[in-house]
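Peer 1: Protein chains in written order, with the working numbering: chain A, 1 to 364; chain B, 1 to 364.
Backbone N, C-alpha and C define an ideal beta-carbon position, used for all residues, glycine too.
Since we're looking at a predicted model, the values are computed, not measured.
1) The beta strand (DSSP E) with residue 143/A in it runs from where to where?
2) Give a yes or no on whether 9 Å exceeds the smallest Cβ distance from residue 293/A to chain B.
3) Does the CB of residue 242/A have a neighbour CB from chain B at under 9 Å?
4) Who are the near neighbours of residue 276/B in its chain, counting only those whose CB is closer than 8 Å to its CB and skipping five residues on each side?
5) With a threshold of 9 Å between beta carbons, is residue 277/A in contact with chain B?
6) Where does residue 71/A sit, in a helix, a strand or coil, going by DSSP?
7) When burial is assigned at 16 or more other CB atoms within 10 Å of the CB, is residue 352/B buried or exposed?
8) Got a sec: which bits of the stretch 210 to 232 of chain B sit with their beta carbon under 7 Å from any beta carbon on chain A, in order along the chain?
9) Report all residues from its chain with a CB closer than 7 Å to the CB of residue 33/B; omit the five preceding and five following residues, and keep chain order.
10) Within its chain, find whatever has a CB closer than 8 Å to the CB of residue 382/A; leave out the 5 residues flanking it on each side and keep chain order.
11) Quick check: is the beta carbon of residue 19/B nearer than 9 Å to any beta carbon in chain A?
12) Which first and last residues belong to the beta strand (DSSP E) in which residue 173/B is found?
13) State the start and end residues of the unbroken beta strand (DSSP E) segment that holds residue 21/B.
14) In this structure, how does DSSP classify residue 131/A when only helix, strand and coil are distinguished?
15) Is there at least one Cβ from chain B nearer than 9 Å to residue 339/A's Cβ?
16) Taking the runs of the beta strand (DSSP E) that are 3 residues or longer, which of them lie wholly in the stretch 277 to 348 of chain A?
17) Are there 16 or more other CB atoms within 10 angstroms of the CB of residue 110/B, so buried, or fewer, so exposed?
18) Counting only C-beta atoms, is residue 236/B closer than 9 Å to chain A at any point?
19) Specify the secondary structure class of residue 239/B as computed by DSSP and reduced to three states.
20) Can you have a look at residue 251/B and say buried or exposed, based on whether 16 or more other CB atoms are within 10 angstroms of its CB?
21) Expressed to the nearest angstrom, what Euclidean distance is found between the alpha-carbon atoms of residue 324/A and residue 145/B?
22) Could you tell me whether any non-hydrogen atom of the ligand GTP is closer than 8 Å to the CB of residue 12/A?
23) Comparing the C-beta of residue 151/A with each C-beta of chain B, is any distance below 9 Å?
24) So which residues on chain B does residue 334/A lean against when the C-beta distance must stay under 7 Å?
25) What's the call for residue 315/B, buried or exposed, on a 16-neighbour Cβ count within 10 Å?
26) May I ask you to list the residues that DSSP assigns as paired with residue 113/A?
27) Which one of 92/A, 321/A, 27/A has the shortest CA to CA distance from residue 369/A?
28) Over what stretch of residues does the beta strand (DSSP E) that includes residue 246/B continue unbroken?
29) Among 360/B, 326/B, 342/B, which residue has its Cα nearest to the Cα of residue 340/A?
30) Taking only the alpha-carbon atoms, compute the straight-line gap between residue 342/A and residue 201/B and give it to the nearest angstrom.
31) Which whole-angstrom value is the C-beta distance of residue 115/A and residue 76/A, which I expect to be below 8 Å?
32) Check whether chain A comes within 9 Å of residue 120/B, counting only Cβ atoms and requiring the distance to be less than that.
33) Work out the CA separation of residue 131/A and residue 106/A for me, nearest whole Å.
34) Please identify the residue among 174/B, 41/B, 293/B, 335/B whose C-alpha is closest to the C-alpha of residue 223/B.
35) Which same chain residues end up closer than 7 Å to residue 264/A when comparing Cβ atoms and leaving out the 5 residues on each side of it in sequence?
36) Can you check whether the C-beta of residue 95/B is within less than 9 Å of a C-beta belonging to chain A?
So, in structure tokens, the structure goes:
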């Protein structure tokens with residue numbers, strides 16, 4: 001794309017919507033969606049995109065149109081929004097715990113086919129309670145931690161113990177395993193999966209019908225774990241500076257930018273954007289600086305106030321002036337989208353509409 | 001307050017609203033509001049609270065009821081929400097720049113009496129343009145940076161140059177100075193203010209009718225700068241772990257907690273809360289850990305995923321179990337509220353309602 005015309009587009013966004021404003025290039029989104037769908041097809045596995053990145057049925061419909069089979073939600077509240085929008089095959093990759101959530105999960109089962117995910121006996125009991133209340137069988141996958149030290153059982157024997165609890169709880173179907181393999185973690189994940197699979201077979205359980213891998217930064221390993229049936233990627237739909245740093249995307253694959261205005265200078269080597277931590281979030285993604293300014297890559301967003309992005313312009317031969325409009329590629333796009341009520345959509349260099357972030361803030 | 005009854009309240013919140021859930025203790029809010037109002041009264045200055053913390057006309061009405069004179073907004077979009085709610089005396093402590101914002105500022109002038117803030121000639125011209133378009137005079141204060149290196153002119157001569165631009169722009173009233181004195185910065189701020197005041201007098205301008213100081217962490221210096229007419233504090237309404245660390249509040253003054261559930265353990269010294277960066281934000285406020293768990297102060301929230309808070313429980317003699325409900329005092333409450341659509345309100349240990357965060361996400 002011609003940088004000048006892109007720049008004109010940012011000016012138009014600023015004039016029509018004001019800044020800061022998150023803008024999504026639908027051409028890039030479609031290319032990102034098509035690319036991952038193609039890779040899943042080549043790997044012979046299903047694509048179950050994680051909606052935590054876009055939180056919008058509009059983008060999920062684009063993913064489904066391209067061939068995605070079902071969606072992944074992180075929180076029950078997200079699943080409710082997507083069920084309302086007509087999505088039915090919803091994997092919730094999160095322990096659902098507590099009476100209020102059990103009641104909501106039971107209600108969700110009336111209008112969708114959720115798949116629950118568990119890594120502990122309390123979550124197994126909660127899933128069984130919801131299924132009993134709904135009068136239906138709830139498929140459940142076991143979340144396994146094969147090295148990231150996030151959520152999930154940390155060993156295959158623990159996974160087998162959870163499989164036993166699922167078998168014995170009643171109203172639950174043992175559906176398989178949920179993995180988020182660390183980068184370079186194919187071998188260790190394979191051993192874990194094989195051992196957990198053998199253990200669950202020994203319990204008289206059927207072979208897993210779902211072995212779900214996840215992540216965008218680790219797409220290089222897509223389909224390399226034997227037995228994988230599907231993949232859950234989220235960030236790929238928009239990409240961000242973290243994905244570029246991880247080698248999972250190029251800057252040209254980044255579909256979301258925040259259009260911002262230089263609103264103050266404060267000295268010859270300083271500058272201030274009207275986008276701070278309430279716009280770009282304080283999540284650095286362990287990168288230097290809080291985002292990349294496309295027009296001034298040598299500028300550094302070195303700190304935030306809530307509504308100020310503080311720039312170090314000492315590396316800029318021709319620094320921006322007050323009033324200049326710039327585009328920022330965020331470090332971590334998922335948390336930026338979660339700050340927005342709507343995204344401005346463009347196609348072919350034209351503004352084509354606004355897309356509500358329907359599940360924004362659905363943390364519960 | 002009896003810790004057990006507080007704990008029961010958190011359980012009730014979890015049962016009725018699900019977790020994570022931000023809960024505000026209105027008794028504490030009222031005490032915080034009364035305390036600051038009393039200090040402003042003693043100092044002989046007006047209280048113009050900054051609404052960026054609560055973003056809700058409900059809390060602003062409580063502040064007004066207690067004696068606040070006007071409000072402060074950081075962004076024009078916040079001012080619009082509060083004008084709709086009937087607030088008229090609104091200081092916008094932010095450079096308003098760009099045609100879209102100029103048009104909105106002109107419209108705001110039709111239904112409210114905004115005061116603009118500027119630190120550069122582009123913002124002066126924008127304010128004049130809005131005022132001309134509204135056919136009214138717009139009061140303008142000059143933002144001065146007396147040491148924080150945030151926004152604002154960095155020297156008194158620069159402030160005088162801006163005062164001259166305001167005088168010459170037409171349709172603008174030079175109203176005074178906007179300060180955010182650094183902690184311990186009384187003397188340097190006084191010198192800056194005196195020199196800028198003398199310079200603006202030499203331009204034939206009237207004495208400043210507004211000299212506005214700001215901040216909660218620097219309340220110890222309230223009214224100590226000669227000429228101060230008002231103070232803008234935001235965080236004091238709820239307080240947070242940063243304010244406690246700064247000595248500006250005690251833990252008992254913290255009115256907002258996030259009720260969360262332990263949803264996973266992952267090993268004997270680990271634990272996972274259902275509150276991650278999309279709930280508590282990645283803003284550490286330069287403190288260790290991402291929040292204080294009241295029931296387990298020795299637990300450390302050492303990292304976040306978007307929906308996971310990762311706990312180091314190695315310091316806990318009796319660590320929490322999966323399913324346990326806890327209360328978290330956030331590091332920086334302003335950015336947490338901005339992630340929420342509503343806050344659950346309690347009074348006297350009872351849930352009394354929900355308060356919408358009406359200006360949430362009004363970044364533009």
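Peer 2: The short version:
1) Per DSSP, residue 143/A belongs to the beta strand (DSSP E) from 138 to 144.
2) Not one chain B Cβ lies under 9 Å of residue 293/A.
3) It does not: the Cβ of residue 242/A has no partner Cβ on chain B nearer than 9 Å.
4) 304, 305, 306, 307, 308, 309.
5) Interface criterion met: the Cβ of residue 277/A is under 9 Å from a Cβ in chain B.
6) The answer is strand: DSSP assigns residue 71/A an E or B state.
7) Exposed is the call here.
8) Residues are counted here when their Cβ sits less than 7 Å from a Cβ of chain A; for the stretch 210 to 232 of chain B the count is zero.
9) Spatial neighbours of residue 33/B in its own chain (CB-CB distance under 7 Å, excluding positions within 5 residues in sequence) are listed in chain order as 62, 63, 66, 237.
10) Since the first and last residues shown for chain A are 1 and 364, residue 382/A lies out of range.
11) Proximity of residue 19/B to chain A, defined by a Cβ-Cβ separation below 9 Å, is satisfied.
12) First-last of the beta strand (DSSP E) with residue 173/B: 172 to 179.
13) Taken as a continuous stretch (DSSP letters only), the beta strand (DSSP E) holding residue 21/B covers 21 to 25.
14) The answer is helix: DSSP assigns residue 131/A an H, G or I state.
15) With a threshold of 9 Å between beta carbons, residue 339/A makes contact with chain B.
16) The qualifying runs are 291 to 293, 300 to 304, 309 to 312, 325 to 330, 342 to 347.
17) With fewer than 16 neighbouring CB atoms inside 10 Å of its own CB, residue 110/B falls in the exposed class.
18) Output row for residue 236/B: interface = no.
19) Per DSSP, reduced to three states, the secondary structure at residue 239/B is coil, with no helix or strand assignment.
20) It counts as exposed.
21) About 22 Å.
22) As for the ligand GTP, it is missing from this structure, which has no ligand bound.
23) Residue 151/A counts as touching chain B.
24) Result: 306.
25) It counts as exposed.
26) Paired residues: 89/A.
27) Given that chain A is displayed from residue 1 to residue 364, the structure contains no residue 369/A and the question cannot be resolved.
28) Following the DSSP letters along the chain, one finds residue 246/B in no beta strand (DSSP E), marked with neither H nor E.
29) Measuring C-alpha to C-alpha distances from residue 340/A to each of 360/B, 326/B, 342/B identifies 360/B as the nearest.
30) Computed Cα separation, rounded: 47 Å.
31) Not quite, the Cβ-Cβ distance comes to about 12 Å (not below 8 Å), so this is no contact.
32) Closer than 9 Å to some Cβ of chain A, the Cβ of residue 120/B qualifies, so yes.
33) As the crow flies, the alpha-carbon of residue 106/A is around 6 Å from that of residue 131/A.
34) Minimum Cα distance to residue 223/B is reached at 41/B.
35) Taking C-beta separations shorter than 7 Å and ignoring five residues to either side along the sequence, the partners of residue 264/A in its chain run 272, 322, following chain order.
36) Yes, contact with chain A.
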